[in-house]
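For the sequence shown, the numbering used here begins at 43 and goes up steadily by one.
In this text, a Cβ means the ideal position worked out from N, Cα and C, and glycines have one as well.
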Amino acid sequence: MNRFENFKAGLIKDNPVFSLYLGICSTLAITTTVNNAIGMGAAVIMVLILSNVIISAIRKIVPDEIRIPVYIVIIATLVKIIQMLIEAYAPALNTSLGVFIPLIVVNCIILGRAEAFASKHGIADSALDGLGMGLGYTLAVVAMSFIREVLATGVLNLVNPFNEAQVWLNVRLIPEAYTISLFNSPVGAFITFAILAALVGAYKKHADEKAAQAGEVK
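Right, dumping it as structure tokens:
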């Protein structure tokens, strides 16, 4: 694949959540509100891009025997820096996400892209791969959180992560009498994930069949 195709694959075809099924634990836990999803998505994007770039830059000088510990140290350092920035400038988001920010260190998406892509490709390609996978993860968690928050509360609420007193958007989409509190629970998270993963799977199957038919015509 060329750079654009590789970038685009991370959004849907190879979406880390709905296609590769990576990072599921944090996805199910933090998708109660859109604010949480956007904050976590931004953190994952930054860690993915920076870790891919650094690992790609040092890939030729790191011995194979110790490459995984080296990758983990790099990822852990980046996560700690980002956690400190969030704690300093967006304390409400830090409180809301809690332990799931430091757990980015063991997120399968981060280490998986480091091992499968960044350790074998150049800096530019690795940065683009990190951006594509990060955006794919962000789209996935935002979609899940939007469905869960609206169905559970009937309201879409967005606040400034740097000033929780500043409300950007607060609109009721479903009357309170028709909300489904189940979607604010772990069961609701699993149901939402299953439905969206099934839709992505159906889309991929349709796209593969269409590509196969086009190949037969040629």
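Per DSSP, the continuous alpha helix (DSSP H) segment holding Glu-129 begins and ends at 109-131.
DSSP, read as helix, strand or coil, puts Val-148 in helix. Non-local beta-carbon contacts of Leu-70 in its own chain, meaning distances under 6 Å to residues more than five positions away in sequence, involve Ala-231 in chain order.
Boundaries of the alpha helix (DSSP H) around Asn-48: 45-51. Around the CB of Asp-171, 16 or more other CB atoms lie within 10 Å, so the residue is classed as buried. Exclusion of the five residues before and after Gly-196 leaves Arg-214, Leu-215, Ile-216, Pro-217, Glu-218, Tyr-220 and Thr-221 as the residues of its chain whose Cβ lies within less than 8 Å of its Cβ. Three or more Cβ pairs drawn from the segment 76-96 and the segment 162-176 lie within less than 8 Å of each other, which places the two stretches in contact. By the CB criterion at 8 Å, Ser-68 and Leu-145 fall inside the cutoff. Here Ala-185 is buried, its C-beta having at least 16 other C-beta atoms within 10 Å. Going by DSSP, Arg-190 is part of the alpha helix (DSSP H) stretching over 165-195. A direct Cα-to-Cα measurement between Gly-65 and Arg-109 gives close to 21 Å. Note that the C-beta distance between Gly-81 and Leu-153 is not below 8 Å. In the three-state reduction of the DSSP assignment, Asn-57 falls in the coil class. Secondary structure note for Asn-212: its beta strand (DSSP E) is the uninterrupted segment 205-214.
Check the Cα spacing between Ile-151 and each of Leu-198, Ala-85, Val-141 and Asp-250: the tightest is with Ala-85. With respect to the 8 Å criterion, Ile-87 and Gly-176 are classified as neighbours on the basis of their beta carbons. Phe-49 places its beta carbon less than 8 Å from that of Gly-174.
The beta carbons of Ser-187 and Asn-57 sit no closer together than 8 Å. For Gly-83, the enclosing alpha helix (DSSP H) starts and ends at 76-100.
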